[in-house]
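Asks:
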Amino acid sequence: MAKTKKTLEDLRNENEDLRLRLREAEETLDAIRNGEIDAVVATSPDGNEQVYTLNGADRAYRLLFETMNEGAAMIGADGTVYFCNTTLAKMLRSPLENLIGSNLYSFAKEQDVPILRKLINDTLAEPQKREFQFKTGNHFTVPVLVSSVPVKLATSPFSLDGSVSVCMIISDLTERKKAEADLQQTFDELTRSNEDLEEFAYIASHDLQEPLRNISTCLQILEKDYKSKLDSDADQLIQYALDAVPRMKALMSDLLSYSRINRKGAPFVQTDCEKVLEKTLLNLGPSIEETKAKVTHDPLPKLSVDPTQMMQVFQNLISNAIKFRGDNAPRVHISSTNAGEDWVFSVKDNGIGIEPRYLEKIFALFQRLHTKTSYEGTGVGLAIVKKIIERHRGQIWAESEPGKGSTFCFTIPTLESNR
Ligand code: ADP
């Protein structure tokens with residue numbers, strides 16, 4: 023019998039019919055994936071119809087798997103992707119249908135394949151959490167965090183032989199990595215600018231000492247040879263200039279110490295802070311005696327620090343506590359408490375105190391609140407202390423009430439690994 027030839031109209035109708043069925047099939051698949059269907063009826067080739075139920079609990083899990091904002095996949099021990107969700111497909115810039123059934127190794131750069139293989143193998147023994155980089159469909163790489171656990175689904179189509187598969191949750195780290203890179207860049211720029219400033223402060227304070235010495239010598243000659251030979255105004259001007267020299271020397275010398283904290287700091291060694299304090303108190307002996315100050319302290323710990331710098335910290339804080347005393351004889355107490363990862367030190371006095379609005383400002387270079395001549399100083403001491411504490415990865419702050427004394431607190435990390 024001759025075959026009936028299909029007309030163009032027949033072919034069009036057939037094509038339309040096929041398109042419709044395909045759309046229906048896609049919608050059904052989407053509905054299954056989105057958990058909108060509880061049961062499906064499948065007709066086998068012999069014409070028998072069978073009902074497959076997708077019961078309630080499964081549906082919730084399916085929804086979770088499909089709608090979660092992290093990539094998720096079930097991987098065979100050989101790297102075959104048995105199943106994965108759309109988030110992973112989007113992350114890898116690859117259509118879902120291409121991903122399922124492909125091998126995960128094909129999404130790793132050649133040199134990273136052994137790393138991924140190790141990750142999958144290690145997971146077969148126990149859960150793993152590692153960072154990795156996948157190649158994407160558009161030839162970029164995506165940094166990810168892979169959290170993987172071994173699963174044994176005896177009755178699952180994913181492991182028909184009961185062998186172990188790997189369940190992976192894959193988080194896209196692109197944003198986090200970018201933020202980390204930005205932070206690192208800012209940190210590098212700040213470090214560079216800090217180094218430049220230190221260099222500048224070092225050169226300024228070091229190289230200006232020589233001309234200052236010359237000025238000082240000339241002024242002394244001027245005073246010796248011309249005092250009373252010029253008029254009284256000239257004598258006074260020479261005296262002003264002479265008075266300014268030691269102050270400028272002190273400023274430059276403090277600035278030099280400040281610029282040396284990082285460049286010339288010694289390595290950290292296990293140090294008995296109590297011994298450091300004893301030495302400091304010996305140095306401060308004359309001023310303690312002169313002011314009848316009473317300095318007491320708690321037992322202090324042994325810590326990994328730069329001992330000379332630690333002494334500078336105690337010396338600056340205690341001498342300030344004595345310098346900014348009130349009407350009564352100074353009482354200074356140094357204490358230390360262990361707060362887990364840090365030791366918190368405090369230097370408490372009964373002095374004139376500080377107004378709350380200045381409590382942060384005083385740690386800046388050249389900041390002085392009490393510029394009366396009775397309180398000599400350059401305004402560099404607390405800036406030096408702050409810089410030393412920061413070199414030790416600690417923090418410093420002050421608590422005070424005018425007229426009721428001040429407490430300067432600082433922390434030093436206990437663990438060397440913190441550095
Ligand atoms: P300096 O002591 O040379 O003036 P510092 O940097 O050591 O400089 O201190 C900055 C300012 O902070 C001081 O001028 C003073 O006004 C204030 N200050 C510091 N320590 C104390 C204290 N223990 N009590 C009151 N004020 C203080």
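Adding 22 to a residue's 1-based position in the sequence shown gives its number in the working numbering. By construction, the Cβ of each residue, glycine as well, lies at the ideal position given by its N, Cα and C atoms.
Tell whether a beta-carbon distance below 7 angstroms holds between L110 and A95.
Replies: Yes, the Cβ-Cβ distance between L110 and A95 is below 7 angstroms.
Asks: For D32, count neighbouring C-beta atoms within 10 Å of its own C-beta (all shown protein chains included) and say buried if the count is 16 or more, exposed if not.
Replies: Per the 10 Å Cβ criterion, exposed.
Asks: Would you mind sorting S444 into buried or exposed? The rule is 16 or more other CB atoms within 10 Å of its CB.
Replies: Examination of residue 444 is not possible in this model, given that the chain is present from 23 through 441 alone.
Asks: Is the beta carbon of A343 within less than 6 angstroms of some heavy atom of ligand 1?
Replies: The answer is yes for A343.
Asks: Does any residue of chain C have a CB that is nearer than 7 angstroms to the CB of E132?
Replies: In the structure shown, chain C cannot be found, because there is only a single protein chain.
Asks: Have a look at P424 and L339 and give me their C-alpha separation to the nearest angstrom.
Replies: Answer to the nearest angstrom: the Cα atoms are 17 angstroms apart.
Asks: Check whether the region 293-310 touches the region 252-269, taking contact to mean three or more Cβ pairs, one atom from each stretch, closer than 8 angstroms.
Replies: No, they do not touch.
Asks: Is there contact here, the region 329-348 with the region 372-381, by at least three beta-carbon pairs under 8 angstroms?
Replies: The region 329-348, when compared against the region 372-381, does touch it at the 8 angstroms Cβ threshold.
Asks: Report yes or no: do three or more beta-carbon pairs, one from the region 112-122 and one from the region 210-223, lie closer than 8 angstroms?
Replies: No, the region 112-122 is not in contact with the region 210-223.
Asks: Report the rounded CA-to-CA distance for L391 versus R379, giving the unit in angstroms.
Replies: Rounded to the nearest angstrom, the two C-alpha atoms are 11 angstroms apart.
Asks: Based on the DSSP secondary-structure assignment, which residues constitute the bridge partners of K316?
Replies: Answer is R353.
Asks: Give every residue of the same chain whose Cβ lies closer than 8 angstroms to the Cβ of F105, excluding the five residues on either side of it in the sequence, and list them in chain order.
Replies: Within the same chain, F105 has close Cβ partners A95, M96, I122, F180.
Asks: Shorter than 6 angstroms, the distance from the beta carbon of G348 to the closest heavy atom of ligand 1, or not?
Replies: No - ligand 1 has no heavy atom lying nearer than 6 angstroms to the Cβ of G348.
Asks: Can you give, in chain order, each stretch of the alpha helix (DSSP H) that sits fully within the region 244-299 and has at least 4 residues?
Replies: Segments of the alpha helix (DSSP H) lying fully in the region 244-299: 254-285.
Asks: Just to confirm the assignment, what range does the alpha helix (DSSP H) spanning V335 have?
Replies: That run of the alpha helix (DSSP H) goes 329-345.
Asks: Closer than 6 angstroms: is that where the CB of R390 sits relative to any heavy atom of ligand 1?
Replies: Answer for R390: yes, Cβ within range of ligand 1.
Asks: For ligand 1, any of its heavy atoms closer than 6 angstroms to the Cβ of T400?
Replies: Yes, the beta carbon of T400 sits closer than 6 angstroms to at least one heavy atom of ligand 1.
Asks: In whole angstroms, what is the alpha-carbon distance linking L212 and R45?
Replies: So the two alpha carbons sit approximately 58 angstroms from each other.
Asks: Using the rule of at least 16 other Cβ atoms within 10 Å of the residue's Cβ for burial, across every protein chain shown, is I142 buried or exposed?
Replies: Classification of I142: buried, given that the 10 Å Cβ count is 16 or more.
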